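Engineer:
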Amino acid sequence: MRFFDDLSPQARNTPESAIVAVVNHARLREDVIPLWVGEGDQPTPSFIYDATIKSLRDGETFYTWQRGIPELRQALADYHGRHFGGTHDPETFYVTGSGMQAIKLSVEALCKAGDEMVYLSPTWPNIFAALEISGARAVPVTLDCTERGWTLDLEKLSAAIGPATRALFINTPSNPTGWTANREELQAILDLARQAGIWIVADEIYTRFYFDGHRAPSFLDIVSEDDRILFVNTFSKNWSMTGWRVGWIKAPPELGQVFENLIQYSTSGVAQFMQRGAVEALNQGDDYVEEQKGRAAHARDLLCDALMATNRVRLLKPQGAFYAFFSIDGLENSSEAAYRIVDEAAVGLAPGSGFGPGGESFLRACFLRRTDHVEAAADRLARFISSN
8 MRFFDDLSPQ ARNTPESAIV AVVNHARLRE DVIPLWVGEG DQPTPSFIYD ATIKSLRDGE
68 TFYTWQRGIP ELRQALADYH GRHFGGTHDP ETFYVTGSGM QAIKLSVEAL CKAGDEMVYL
128 SPTWPNIFAA LEISGARAVP VTLDCTERGW TLDLEKLSAA IGPATRALFI NTPSNPTGWT
188 ANREELQAIL DLARQAGIWI VADEIYTRFY FDGHRAPSFL DIVSEDDRIL FVNTFSKNWS
248 MTGWRVGWIK APPELGQVFE NLIQYSTSGV AQFMQRGAVE ALNQGDDYVE EQKGRAAHAR
308 DLLCDALMAT NRVRLLKPQG AFYAFFSIDG LENSSEAAYR IVDEAAVGLA PGSGFGPGGE
368 SFLRACFLRR TDHVEAAADR LARFISSN
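Counting from 1, position 55 in the sequence shown corresponds to residue 62 in my numbering; the numbering is continuous, with no gaps.
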């Protein structure tokens with residue numbers, strides 16, 4: 008422990024990911040159906056990686072634009088115009104080394120030690136870990152699990168805003184719950200931020216994975232030029248690029264030099280050949296995203312119907328994202344349950360306890376997988392539930 012004690016408190020206290028812990032427990036087992044991490048089972052399509060291969064062959068292996076190559080920033084502007092309407096300035100987009108880095112840089116830009124950021128829980132744990140590592144404080148507001156699904160109590164959100172609050176972190180559609188804010192809720196959240204003079208960090212990574220329309224409602228539908236909003240996003244989910252680690256931030260252009268500096272002193276930019284692939288994802292990938300969304304909708308129905316048929320599961324079909332977040336009668340400790348299920352049923356799930364307050368008794372299953380895997384996982388889970 009002599010070396011450990013020399014580290015900073017932030018580093019020493021960084022929690023192990025509860026999701027990764029379960030993965031590491033059974034990563035090498037070939038019989039496990041892996042529904043534990045947030046990715047589909049499709050490799051990156053060829054129209055994306057062919058552009059990257061060409062870029063490598065063309066020798067694009069040098070330092071490049073810190074903010075992102077101009078072609079990618081223009082492609083991001085065009086993509087937003089197609090799917091969110093309006094005209095978007097390429098100067099408002101900044102390419103990052105993953106959606107996670109987009110979140111981390113947003114935290115660094117907004118929060119100093121002792122500041123607070125309010126987030127909706129349960130949520131992907133990396134947001135509150137990123138805040139704590141930066142010396143800020145993560146303040147949870149729990150979503151309510153009701154017969155109508157997961158809901159947000161706006162009064163609780165308002166009460167959580169205090170003198171030290173710098174921003175609200177809003178993930179919709181939500182990982183892991185599938186909660187998706189409607190336009191009225193987004194407007195109410197934006198009004199709270201305006202009244203308090205604070206920022207919103209809008210994590211709309213799953214906007215295209217929305218099962219009641221082309222895309223989910225977005226803060227882009229209601230934002231004005233004076234609003235303090237940072238949008239964080241990634242290429243990971245829509246285009247099967249989780250391993251690429253490429254994302255983006257959309258922010259007011261006056262913050263461009265700030266984000267360029269933060270990128271410079273963290274990764275010094277995303278490899279140009281990877282950005283070439285990202286350009287093709289945006290320019291040619293609309294049909295691919297719709298196919299992925301269709302696969303997700305089919306798998307959602309298969310898995311959720313099978314689980315609900317046991318009559319021992321608390322679950323409503325999610326509006327968005329690609330996760331089933333459910334609890335099993337009699338199994339209150341989700342961490343213990345996740346290890347038991349992977350050991351006894353050979354299905355890898357993420358424990359809800361790793362997603363913060365409100366998730367302790369739940370388990371998360373990523374259902375963006377081929378049909379036979381989803382059917383087999385549903386059968387194994389149903390048999391496990393009936394025997395416990």
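Even glycine gets a Cβ: it sits at the ideal position worked out from N, Cα and C.
Computed from a predicted structure; not experimentally measured.
Taking only the alpha-carbon atoms, compute the straight-line gap between P16 and S141 and give it to the nearest angstrom.
Structural biologist: As a first step, residue 16 must be located in the sequence shown, where it is residue number 9. As a first step, residue 141 must be located in the sequence shown, where it is residue number 134. Approximately 11 Å between the Cα atoms of the pair.
Engineer: Measuring straight from C-alpha to C-alpha, what distance separates P180 and L370?
Structural biologist: Here residue 180 refers to the residue found at position 173 of the sequence shown. Here residue 370 refers to the residue found at position 363 of the sequence shown. P180 and L370: Cα-Cα distance of roughly 18 Å.
Engineer: Pair every Cβ in the stretch 242–254 with every Cβ in the stretch 96–106, then say whether three or more of these pairs are closer than 8 Å.
Structural biologist: As far as the Cβ criterion goes, the stretch 242–254 touches the stretch 96–106, which means the pair count is three or higher.
Engineer: Mark H1 as exposed unless 16 or more other C-beta atoms lie within 10 angstroms of its C-beta, in which case mark it buried.
Structural biologist: The structure shown does not extend to residue 1, since the chain is modelled only from 8 through 395, so no value can be given for it.
Engineer: Using 8 Å as the threshold, is the C-beta distance between M124 and V146 below it?
Structural biologist: Reading the sequence shown from its first residue, position 117 is the one you call residue 124. Reading the sequence shown from its first residue, position 139 is the one you call residue 146. Taking 8 Å as the Cβ cut-off, M124 and V146 qualify as a contacting pair.
Engineer: Quick one: what does DSSP say C311 is sitting in, helix, strand or coil?
Structural biologist: Position 304 of the sequence shown, counted from the start, is the residue given in the question as residue 311. Correct three-state label for C311: helix.
Engineer: What separation, rounded to the nearest whole angstrom, lies between the Cα atoms of A18 and T184?
Structural biologist: For the purposes of this step, residue 18 is taken as residue 11 along the sequence shown, with counting starting at 1. For the purposes of this step, residue 184 is taken as residue 177 along the sequence shown, with counting starting at 1. Each residue's Cα considered, the two are about 29 Å apart.
Engineer: Excluding five sequence neighbours on each side, which residues of the same chain lie with their C-beta closer than 8 Å to the C-beta of A316?
Structural biologist: The count along the sequence shown starts at 1 and reaches residue 316 at position 309. Hits under 8 Å: A389.
Engineer: Between which two residues does the beta strand (DSSP E) holding P147 run?
Structural biologist: The residue labelled residue 147 in the question sits at position 140 within the sequence shown. That run of the beta strand (DSSP E) goes R144 to T149.
Engineer: Where DSSP assigns a beta bridge to T158, which residues make up the other side?
Structural biologist: Mapped onto the sequence shown, residue 158 falls at position 151. D151, per the DSSP bridge assignment.
Engineer: Reducing DSSP to helix, strand and coil, say where P16 ends up.
Structural biologist: Within the sequence shown, residue 16 is the residue found at index 9, counting from 1. DSSP places P16 in helix when its eight states are reduced to three.
Engineer: Between which two residues does the alpha helix (DSSP H) harbouring V29 extend?
Structural biologist: What you label residue 29 is simply residue 22 of the sequence shown in a count that begins at 1. Where V29 is concerned, the enclosing alpha helix (DSSP H) stretches over A25 to A33.
Engineer: V354 bridges to which residues according to DSSP?
Structural biologist: Locating residue 354 in the sequence shown gives position 347, where the first residue counts as 1. DSSP, once it has assigned bridges, lists I40 as partnering V354.
Engineer: Counting C-beta neighbours from all protein chains within 10 Å, is the total for T68 16 or more, i.e. buried, or is it exposed?
Structural biologist: Walking along the sequence shown from the start, residue 68 turns up at place 61. It is exposed - the Cβ of T68 has fewer than 16 other Cβ atoms within 10 Å.
Engineer: Grouping DSSP H, G and I as helix and E and B as strand, with all else coil, what is A120?
Structural biologist: Here residue 120 refers to the residue found at position 113 of the sequence shown. Of the three classes helix, strand and coil, the one that applies to A120 here is coil, per DSSP.
Engineer: Enumerated in chain order, which unbroken segments of the beta strand (DSSP E) with a length of 3 residues or greater are wholly contained in the stretch 268–352?
Structural biologist: Fully enclosed beta strand (DSSP E) runs of 3 or longer: 330–335.
Engineer: Which full runs of the alpha helix (DSSP H) of 4+ residues lie inside the stretch 57–126, going along the chain?
Structural biologist: Those alpha helix (DSSP H) runs which fall completely within the stretch 57–126 and span 4+ residues are 77–91 and 106–117.
Engineer: For the stretch 374–382 against the stretch 351–359, do three or more pairs of beta-carbon atoms, one drawn from each stretch, fall closer than 8 Å, so that the two count as touching?
Structural biologist: No, because fewer than three Cβ pairs between the stretch 374–382 and the stretch 351–359 fall closer than 8 Å, the two stretches do not touch.
Engineer: Can you tell me where the alpha helix (DSSP H) holding A174 begins and where it ends?
Structural biologist: To locate residue 174, count along the sequence shown from 1; it is residue 167. A174 -> not in any alpha helix (DSSP H); beta strand (DSSP E) instead, spanning T172 to N178.
Engineer: Suppose the cutoff is 8 Å on Cβ atoms and the five residues either side in sequence are ignored; what does the same chain contact list for L309 look like?
Structural biologist: Locating residue 309 in the sequence shown gives position 302, where the first residue counts as 1. Same-chain partners within the cutoff: F374, T378, V381, E382 and A385.
Engineer: Is W131 a contact residue of the ligand MG, with contact defined as CB to any heavy atom under 7 Å?
Structural biologist: Judged by which ligands are present, the structure shown has none, so any question about the ligand MG falls away.
Engineer: May I ask you to verify whether the stretch 256–266 touches the stretch 26–37, counting CB pairs closer than 8 Å and requiring at least 3?
Structural biologist: At 8 Å Cβ cutoff, the stretches do not touch.
Engineer: Using DSSP with H/G/I as helix, E/B as strand and the rest coil, what is D198?
Structural biologist: Against the sequence shown, residue 198 aligns to sequence position 191. D198 falls in the helix class under three-state DSSP.
Engineer: Label T94 either buried or exposed according to how many other C-beta atoms from any shown protein chain fall within 10 Å of its C-beta, with 16 as the threshold for buried.
Structural biologist: Stepping through the sequence shown from its first residue, residue 94 is reached at position 87. Exposed, because fewer than 16 other Cβ atoms sit within 10 Å of the Cβ of T94.
Engineer: K163 by DSSP, collapsed to three states: which one?
Structural biologist: The residue given as residue 163 occupies position 156 in the sequence shown. K163 falls in the helix class under three-state DSSP.
Engineer: Are I270 and Y101 touching if we call contact CB-CB under 8 Å?
Structural biologist: If you number the sequence shown from 1, residue 270 lands on position 263. If you number the sequence shown from 1, residue 101 lands on position 94. Going by C-beta atoms, I270 is nearer than 8 Å to Y101.
Engineer: So, are the CB atoms of A143 and A116 less than 8 Å apart?
Structural biologist: Counting from one through the sequence shown, the residue named residue 143 turns up at place 136. Counting from one through the sequence shown, the residue named residue 116 turns up at place 109. No. Outside cutoff.
Engineer: For P325, collect the residues of the same chain with a Cβ closer than 6 Å to its Cβ; drop the 5 residues on either side in sequence, then sort them by chain order.
Structural biologist: In the sequence shown, the residue the question calls residue 325 occupies position 318. Correct list, in chain order: G185.
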